[in-house]
Every structure is written in structure tokens, then in C-alpha cells.
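Have a look at the structure below, then the notes.
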Amino acid sequence: MKFAIVNSRVSKVILGADPWVKSTKKAFDEITQVSDCNILTSIELYTWEMVLFLASKKNCRVTVYVPENAKKSEVIEEFMLDEDAVDFVYVEGDYKGKNWWHKRDKAIINDADKIYAIWVREGGNIERNISELKAEDKIVETYKVSNPIDETISQRYPNTLKLSELSDKVLNDSDWNYLTHWTHTSYAPWCFESKFEFYKSIINSHDVYSHNAFNSLKRILERKIICGSSKGAREGKRFVSFTALSPLGSLRFMRWRKGLGRFYWEPYGLAITIESAFQVGLRPVNYVAKKDYDKLPETLKDFYQPLRSRRYVWAYEQEWRLPGDLDLSLVPRESMLAIVRKKGESEELRKEFGIKTLALTED
Numbered sequence: 052m053k054f055a056i057v058n059s060r061v062s063k064v065i066l067g068a069d070p071w072v073k074s075t076k077k078a079f080d081e082i083t084q085v086s087d088c089n090i091l092t093s094i095e096l097y098t099w100e101m102v103l104f105l106a107s108k109k110n111c112r113v114t115v116y117v118p119e120n121a122k123k124s125e126v127i128e129e130f131m132l133d134e135d136a137v138d139f140v141y142v143e144g145d146y147k148g149k150n151w152w153h154k155r156d157k158a159i160i161n162d163a164d165k166i167y168a169i170w171v172r173e174g175g176n177i178e179r180n181i182s183e184l185k186a187e188d189k190i191v192e193t194y195k196v197s198n199p200i201d202e203t204i205s206q207r208y209p210n211t212l213k214l215s216e217l218s219d220k221v222l223n224d225s226d227w228n229y230l231t232h233w234t235h236t237s238y239a240p241w242c243f244e245s246k247f248e249f250y251k252s253i254i255n256s257h258d259v260y261s262h263n264a265f266n267s268l269k270r271i272l273e274r275k276i277i278c279g280s281s282k283g284a285r286e287g288k289r290f291v292s293f294t295a296l297s298p299l300g301s302l303r304f305m306r307w308r309k310g311l312g313r314f315y316w317e318p319y320g321l322a323i324t325i326e327s328a329f330q331v332g333l334r335p336v337n338y339v340a341k342k343d344y345d346k347l348p349e350t351l352k353d354f355y356q357p358l359r360s361r362r363y364v365w366a367y368e369q370e371w372r373l374p375g376d377l378d379l380s381l382v383p384r385e386s387m388l389a390i391v392r393k394k395g396e397s398e399e400l401r402k403e404f405g406i407k408t409l410a411l412t413e414d
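Just so you know, the sequence shown maps onto residues 52 to 414 in my numbering.
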């Protein structure tokens, strides 16, 4: 028998305490009591991928709806699926466009024998598809929720750090001799983390997001590596980015960026002395006019950046770069400084990793 568990889109910050997560798990547990159950689900949206994670964890029969250019091996690896327990249905469209999402939703609703509706937004795509396909008789509302998130959890997203909160030490530090890699909340798996592990961490969380900026910093210290990012880089190259700005100077960049859907930087980072940073290959970025940047040979562009874009002055960031990843085992422990927002977090990292720490506030 074919089952689907459907949810409308949800917040990017998913907590284990969220009603849609708890109800999805309850529905899944009920469905898997049926001996011949086959769960229909998909990828690319948290709500579908959560069901795929649960199916993998239980090792039950699952059919995954994917775009035409999806690679089965990658989906199987990311979700740790049993090849003998998974089937794939290819939907017209590809990863670059979202048009396949609507076709996917319709296909699953059409193919399912029973549909457990958890969080269905009024007037949304899921509700519209159910109506258009006349699938109302398939709907099970045992675990339906009226609100997908737990409204009692007040700090789903971080608060903006204000100048008035900074400690006197941070405000008066005129001898800053470090480069800092600031972390931020992640809405996807960290590097070297599978999607299975990502959703496992969410299920096991309660009222604290598993991939917040503090946990991102802890991950760096645990694995002793800062992974390079290709976001914003040319030709898919990866770089690790640091800034020469002090924490006080960095405060202006700890702001919500609507285009990113997150804070640009958050008050959690790893600082390295300039001397040690230079020894492991970090170099300052040279900011030049766009017309001059375009004339540079490709071999030189790794450490050059246009001075500004139409709306943003890149030079203000005082960036240093390292191509690829940064292996922290090459950096002397005494040359590193973990920066956090609160004193309690500072103590936690000092005890766990034996590293020098700096709390930005007195809290």
C-alpha cells in the first residue's frame, strides 16, 4: 500500500519540538505498522526529506520522486538508503528550476493510496493539488496541526548583537593582531556531513537549532578543519575567508541579510594570529576597480576582488583568503582564539577544547 506524508513549506530553522516534525514522526510510526507499506517521498524540501530520513532510519520500502537529472547514487549515499529497499520515479524538470516541484507534488498525491496531511497551508499548493486531483477521500487528518512551529520558542533566529552589549575589553582593544573566520547559522548539512546526519540532529534537538552559529564553531574545533566555500567565488573555486577587522569592526556585518535569509556574520568565530595565518597560506585580498579586475589573468584572480558591486563595497570586509580548506592541525593551538557571544559559551569551549576564548559580552 502506498502512503504519503504531506506538509506545506516550513521555516528554514527546524526544531525537534516543532509540531510538524513531531506529527510527521507519529504518522510515519503509524504507517510503518502496515506490513506492505511503501512510502512515497522526495528531495529538495525539508518536509519531504524529513520523511526520507525516517524511512532510511527504519529501513522500510520507499519510493523517491526526483528530477530527471538526479543521480540515484548520490541520493542513496546522502540518506544512507538501502539500495534493495528504494525505488526512484523521475519527474520532468531539473534541479535548476522549481517547476518540477509542482509536478512532483501532484505525482505523489495522485499515486498514493493514503495521504497523511500534517501541515497544509490554506490556499497553498498542497491543498490546491489535493482539490484538483479529487484526492480528498485519501486524506488522513489524525495528526494534522494548525501551526507548524512551536510559538513558545522565542529565539528561533539569533538576536542582533548591539554595540551597547559589547564588553569593555572588546570596545577598548586597539591591538587586535588576529584574522577571524566568522560563522553563521546553516540551513543545510555542514561539510563532510550527510543529509541523514543533518536530519538526525534536527530530530534529536528540542528548542535549540542544531546548526546554529555556535554549533558551527564547535564543529570546526571538533574536526579541526574550516571548509572552503564556493559561494560567490568564480568558476566554482572554493576559498576559506577571514577578516582582518576586530570584533568591534566586524559588528557592522553582523546584520540580517534578506537576500541570504540569514545573518551575514554572527558573533561566533575562530581567530588566528596574523603571523600563523600567513604561514599556512592565507593572503590579503587586493581590491581593485572592476575594469582592472577584468583585465587580470585568471592565475592572479584568486587574491583579487572588485572594489565594489552595484550595492556593496567589498573592500570594507578587509578579507584574507586561502584556496581550498584550512587544516587547523597546522596552526599552533596557542595562535588560535575562539570568539563567542556569551561567557558561558566561552567557558564551555575552553573546557572542551583547551583553547583561548573571548566572550564579546558580559552575559
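Where is the CB? At the ideal position from N, CA and C, for every residue including glycine. What you are looking at is a predicted structure, and each value in this text was computed from that prediction instead of being measured.
Sort the options by Cα distance to residue i and report the nearest one.
i: S86; options: F54, K157 and V61; result: F54
i: L137; options: S107, L381, E187 and N266; result: In the sequence as presented, Leu is not what sits at residue 137; that position holds Val. Ranking the options by Cα distance to V137, first place goes to S107.
i: D201; options: L409, W170, S225 and G405; result: W170
i: L214; options: V72, I253 and P318; result: P318
i: F404; options: R392, K394 and R384; result: R384
i: A68; options: I190, S252 and R274; result: S252
i: E192; options: D343, E413, R112 and S74; result: S74
i: D226; options: A295, W71, L311 and Y194; result: A295
i: L132; options: G148, F104 and I159; result: F104
i: C207; options: Y238, L381 and L96; result: Per the sequence shown, the amino acid found at residue 207 is Arg instead of Cys. Minimum Cα distance to R207 is reached at Y238.
i: Y315; options: L302, L321 and A366; result: L302
i: L44; options: R392, L268 and F354; result: A question about residue 44 goes unanswered here, because the residues of the chain that appear run from 52 up to 414.
i: K246; options: G287, E125 and S397; result: E125
i: M305; options: W371, Q330 and N210; result: N210
i: P240; options: S182, E129, K269 and A163; result: E129
i: V254; options: V102, D414, I90 and N89; result: The sequence as given places Ile at residue 254; Val does not occur at that position. For the residues V102, D414, I90 and N89, the minimum Cα distance to I254 belongs to V102.
i: Y146; options: D135, A121, K394 and A158; result: A121
i: A186; options: A163, Y363, K76 and G332; result: A163
i: C88; options: V64, M52 and S360; result: M52
In three-state terms, what does DSSP make of residue i?
i: I160; result: helix
i: H232; result: strand
i: N110; result: coil
i: Y250; result: helix
i: K189; result: helix
i: M387; result: strand
i: A121; result: coil
i: N255; result: helix
i: V57; result: strand
i: K63; result: coil
i: R308; result: strand
i: Y238; result: coil
i: R155; result: helix
i: L381; result: helix
i: E368; result: helix
i: Y116; result: strand
i: F243; result: coil
i: I127; result: helix
i: L132; result: coil
i: L373; result: strand
i: S280; result: strand
Quick one, are the C-beta atoms of residue i and residue j less than 8 Å apart?
i: L299; j: I204; result: no
i: N58; j: T92; result: no
i: L388; j: I325; result: no
i: G279; j: F265; result: no
i: V221; j: L411; result: yes
i: A78; j: Y141; result: no
i: L184; j: N198; result: no
i: I297; j: D224; result: The sequence shown places Ser at residue 297, rather than the Ile named in the question. The answer is yes: Cβ separation under 8 Å.
i: T236; j: Y260; result: yes
i: D219; j: N180; result: no
i: D376; j: I271; result: no
i: Y344; j: E100; result: no
i: S397; j: L409; result: yes
i: L321; j: H232; result: yes
i: C111; j: I127; result: no
Locate the alpha helix (DSSP H) running through residue i, then write down its first and last residues.
i: L299; result: P298 to S301
i: T75; result: P70 to I82
i: N337; result: Segment N337 to V339 is the beta strand (DSSP E) holding N337; no alpha helix (DSSP H) there.
i: E420; result: With the chain running from 52 to 414 in the structure shown, residue 420 is simply not present.
i: F265; result: A264 to R274
i: R179; result: N176 to E183
Start and end of the beta strand (DSSP E) containing residue i?
i: Q356; result: Y355 to P357
i: D138; result: V137 to V142
i: L222; result: No beta strand (DSSP E) holds L222; the alpha helix (DSSP H) holding it covers D219 to L222.
i: F290; result: F290 to T294
i: L409; result: K407 to A410
i: L321; result: G320 to T324
i: I169; result: K165 to W170
i: N89; result: N89 to S93
Please look up how many angstroms separate the CB atoms of residue i and residue j, rounded, as I've assumed it's under 8 Å.
i: V336; j: L358; result: So it is not a contact: roughly 10 Å between Cβ atoms.
i: E173; j: G144; result: Wrong, their Cβ atoms sit about 26 Å apart, outside the cutoff.
i: I94; j: V113; result: Rounded, the Cβ-Cβ distance is 12 Å, inconsistent with contact.
i: K189; j: K165; result: 6 Å
Taking CB distances under 8 Å as the criterion, tell me whether residue i reaches chain C.
i: I160; result: The question asks about chain C, but that chain is absent: this structure has only one protein chain.
Consider the C-beta atom of residue i and the heavy atoms of the ligand MN; say whether any pair is separated by less than 7 Å.
i: D353; result: Questions concerning the ligand MN fall outside what the structure shown contains, since it holds no ligand whatsoever.
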